[in-house]
Amino acid sequence: MAQKAAVESQKKMIDLISLCKRRGFIYQSADIYGGLQGVYDYGPLGVELKNNLKAAWWRTVVYERDDIEGLDASILTNRYVLRYSGHEATFADPLVDCRKCKARMRADHLVNGKCEKCGSNDLTEPRPFNMMFKTTVGPVVDEESYAYLRPETAQGIFTNFQNVIDSTARRLPFGIAQIGKAFRNEITPRNFIFRVREFEQMEIEFFVMPGTDEKWHKDWVEMRVDWWKKQGLAEENLELVHQKPEELAHYSKATVDILYRFPHGVEELEGIANRTDYDLGSHSKCQDELGLNAKVSNNEHSTAKLTIRDLATEKDLVPFVIEPSAGVDRGVLAVLTEAYTEEALDEGKTRIVLKLKPHLAPIKVAVIPLARNNEALVEKARSIKNMLQKLGVGRILLENSGNIGKSYRRHDEVGTPICVTVDFETIEGEGETVTIRDRDSMKQERISIADLSDYVRKFYL
Ligand code: ATP
Numbered sequence: 410m411a412q413k414a415a416v417e418s419q420k421k422m423i424d425l426i427s428l429c430k431r432r433g434f435i436y437q438s439a440d441i442y443g444g445l446q447g448v449y450d451y452g453p454l455g456v457e458l459k460n461n462l463k464a465a466w467w468r469t470v471v472y473e474r475d476d477i478e479g480l481d482a483s484i485l486t487n488r489y490v491l492r493y494s495g496h497e498a499t500f501a502d503p504l505v506d507c508r509k510c511k512a513r514m515r516a517d518h519l520v521n522g523k524c525e526k527c528g529s530n531d532l533t534e535p536r537p538f539n540m541m542f543k544t545t546v547g548p549v550v551d552e553e554s555y556a557y558l559r560p561e562t563a564q565g566i567f568t569n570f571q572n573v574i575d576s577t578a579r580r581l582p583f584g585i586a587q588i589g590k591a592f593r594n595e596i597t598p599r600n601f602i603f604r605v606r607e608f609e610q611m612e613i614e615f616f617v618m619p620g621t622d623e624k625w626h627k628d629w630v631e632m633r634v635d636w637w638k639k640q641g642l643a644e645e646n647l648e649l650v651h652q653k654p655e656e657l658a659h660y661s662k663a664t665v666d667i668l669y670r671f672p673h674g675v676e677e678l679e680g681i682a683n684r685t686d687y688d689l690g691s692h693s694k695c696q697d698e699l700g701l702n703a704k705v706s707n708n709e710h711s712t713a714k715l716t717i718r719d720l721a722t723e724k725d726l727v728p729f730v731i732e733p734s735a736g737v738d739r740g741v742l743a744v745l746t747e748a749y750t751e752e753a754l755d756e757g758k759t760r761i762v763l764k765l766k767p768h769l770a771p772i773k774v775a776v777i778p779l780a781r782n783n784e785a786l787v788e789k790a791r792s793i794k795n796m797l798q799k800l801g802v803g804r805i806l807l808e809n810s811g812n813i814g815k816s817y818r819r820h821d822e823v824g825t826p827i828c829v830t831v832d833f834e835t836i837e838g839e840g841e842t843v844t845i846r847d848r849d850s851m852k853q854e855r856i857s858i859a860d861l862s863d864y865v866r867k868f869y870l
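Be aware that the sequence shown starts at 410, since it is given in my numbering, and climbs by one per residue.
Pasting the structure below:
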């Protein structure tokens with residue numbers, strides 16, 4: 410039974426990877442050069458899906474709340490930021506080598522202590538491997554010229570804490586949200602876009618009064634689970650795990666992971682950590698150690714005391730912070746996994762349909778002229794496309810492949826919720842009508858072009 414489930418899961422991952430490549434969602438990066446391990450590129454439909462997921466997150470956490478500001482900080486990071494944050498010393502995974510086949514792997518991912526490649530148990534002792542990517546900045550390359558590609562977006566939020574308060578006059582509780590790339594030199598990238606070396610995160614640092622942190626932590630876990638459900642993930646495929654004390658990151662007092670049933674197993678989609686006052690405190694440390702107004706070099710030490718005024722006591726305090734940190738790429742993999750469906754049709758046929766939530770669908774409406782070489786049909790279809798594009802609901806595609814059956818199949822596979830077909834009745838019949846076809850039910854109905862904009866607007870907004 411368990412073996413059958415494992416085979417089915419493996420098949421699902423293979424089917425998904427194949428669909429992603431075939432239809433232009435995700436490609437292996439630099440595949441004409443044999444690829445670069447743990448790095449992927451998003452194709453024409455992948456970029457739409459990914460942007461839609463990020464936009465949905467931004468809408469929920471920034472636009473629909475009144476207590477979160479947005480930010481877009483740099484990727485290149487001053488090394489002292491990552492020294493004081495603790496990443497230089499501790500952002501490491503345990504690495505082991507197999508003495509027999511020379512494979513390298515993560516000690517905490519081993520099954521029964523054996524090499525995952527050859528099965529040998531002749532392994533070296535685990536040693537820490539720092540996952541940060543280093544690069545050099547400027548024309549002189551020496552010991553002093555290196556910087557890091559950020560391993561998480563969070564530090565850019567902490568280092569801008571004072572700037573954001575100064576320019577927005579925020580009081581506790583409030584948050585700062587950011588979406589952006591992060592880089593980790595993972596020892597063993599694997600499972601398609603699940604564990605990669607270049608990825609995107611959607612992170613909030615939500616600053617609260619010390620003492621209210623545990624309640625906020627609980628609230629954020631609920632809000633984030635709720636959000637993932639709204640992206641289409643089924644409750645039975647989500648799981649909450651409270652990390653054990655020995656698993657906690659160096660900055661965390663408590664972390665709850667939201668796990669999802671990916672094709673390769675139930676693994677982390679998002680982590681929600683109570684980072685306490687660790688980071689703001691660390692970036693203020695030199696001011697504590699050296700004394701305020703001490704003469705310090707701006708490059709090697711922070712010159713700030715990252716505090717906020719408590720209006721009740723008129724005292725400055727370092728707030729605690731709750732961090733919901735989600736992976737965009739893992740989010741894309743989760744919504745694809747959930748949406749991928751093979752449906753039995755009549756006569757032993759099947760259709761593949763991506764049942765994505767409409768707001769995530771890469772193409773919102775495909776407008777299909779019945780015959781590709783008929784100028785009048787194509788012109789009409791183009792004018793409908795232009796009319797719908799102006800609604801601002803996302804990408805509207807003029808699908809001029811000429812074969813209506815194939816077009817429907819293609820749009821089922823990429824998750825297009827609505828197809829609009831322009832046929833001879835549209836241009837010759839009375840009242841200018843088109844056929845609309847629903848992706849999930851495959852039902853078709855005729856509606857007038859005059860009602861089409863309203864239909865699409867209501868469907869998406
Ligand atoms: P894991 O235990 O799976 O390595 P993590 O606990 O190190 O993940 P965090 O540091 O909590 O991950 O990062 C927050 C989120 O960023 C994760 O929940 C995940 O969605 C995403 N993420 C982290 N590492 C990667 C990666 N290598 N590839 C893709 N996404 C990642």
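Backbone N, C-alpha and C fix where the C-beta goes; we use that ideal spot for every residue, glycine too. Just so it is clear, the structure is predicted and the values come from calculations on it, not from any experiment.
Suppose contacts are defined by Cβ-Cβ distances below 9 Å. Is residue i in contact with residue j by that definition?
i	j	result
Lys-789	Leu-806	no
Leu-532	Arg-515	no
Phe-603	Val-730	no
Trp-637	Leu-647	yes
Met-632	Pro-582	no
Leu-786	Val-831	yes
Arg-606	Phe-542	yes
Ile-566	Ile-477	no
Val-744	Leu-765	yes
Pro-560	Phe-601	no
Tyr-749	Asp-424	yes
Pro-598	Gly-447	yes
Leu-458	Leu-657	no
Glu-837	Arg-819	no
Gln-610	Gly-641	no
Expressed to the nearest angstrom, what Euclidean distance is found between the alpha-carbon atoms of residue i and residue j?
i	j	result
Glu-689	Cys-510	Note on identity: in this sequence residue 689 is Leu, with Glu being the wrong assignment. Computed Cα separation, rounded: 45 Å.
Phe-671	Glu-612	21 Å
Leu-485	Asn-572	19 Å
Pro-503	Arg-536	5 Å
Lys-852	Met-796	23 Å
Val-762	Lys-815	13 Å
Gly-740	Phe-608	11 Å
Ala-663	Ala-713	27 Å
His-692	Ile-574	16 Å
Val-416	Asp-517	24 Å
Tyr-449	Phe-434	10 Å
Pro-771	Arg-848	13 Å
Ala-563	Asp-551	28 Å
Gly-757	Lys-653	49 Å
Ala-703	Ala-465	Residue placement at Ala-703 cannot be trusted, given a pLDDT of 48 that sits under 50; what the coordinates show is reported in the next sentence. Their Cα atoms are separated by approximately 45 Å.
Leu-715	Thr-568	9 Å
Asn-487	Tyr-557	7 Å
Ala-643	Gly-680	18 Å
Ser-862	Val-456	25 Å
Gln-419	Glu-752	19 Å
His-651	Ala-721	34 Å
Arg-791	Asp-475	41 Å
Glu-655	Val-727	26 Å
Please go through the same chain and pick out, in chain order, the residues whose beta-carbon is closer than 7 Å to the beta-carbon of residue i, but skip the five residues on each side of it.
i	result
Glu-677	Asp-666, Leu-668
Arg-432	Leu-454, Glu-822, Val-823
Thr-835	Lys-789, Glu-841, Thr-842, Val-843
Leu-754	Arg-760
Gly-811	Ala-780, Arg-781
Arg-684	Tyr-660, Ser-661, Val-730, Glu-732
Tyr-817	Cys-828, Arg-846
Leu-701	With a pLDDT of only 46 at Leu-701, under the threshold of 50, the placement of this residue in the model should not be trusted, and no figure is reported.
Between which residues of its own chain and residue i is the CB-CB distance below 8 Å, once the five residues before and five after are set aside?
i	result
Pro-767	Lys-773, Pro-826, Phe-868, Tyr-869
Val-675	Glu-648, Leu-668, Tyr-669
For residue i, list the residues DSSP reports as bridge partners.
i	result
His-651	Val-665
Leu-807	Val-776
Thr-830	Ile-777, Thr-844
Val-630	According to DSSP, Val-630 bridges with nothing at all.
Gln-610	Gly-589, Gly-736
Ala-753	Thr-759
Asp-725	Arg-718
Thr-545	Tyr-555
Ala-501	Asn-539
Near residue i, what residues of its chain come up, given a Cβ to Cβ distance below 6 Å and the 5 sequence neighbours on each side ignored?
i	result
Thr-545	Ser-554, Tyr-555
Gly-444	Gln-437
Gln-798	Ile-805
Arg-855	Thr-842, Thr-844
Asn-530	Gly-522, Lys-523
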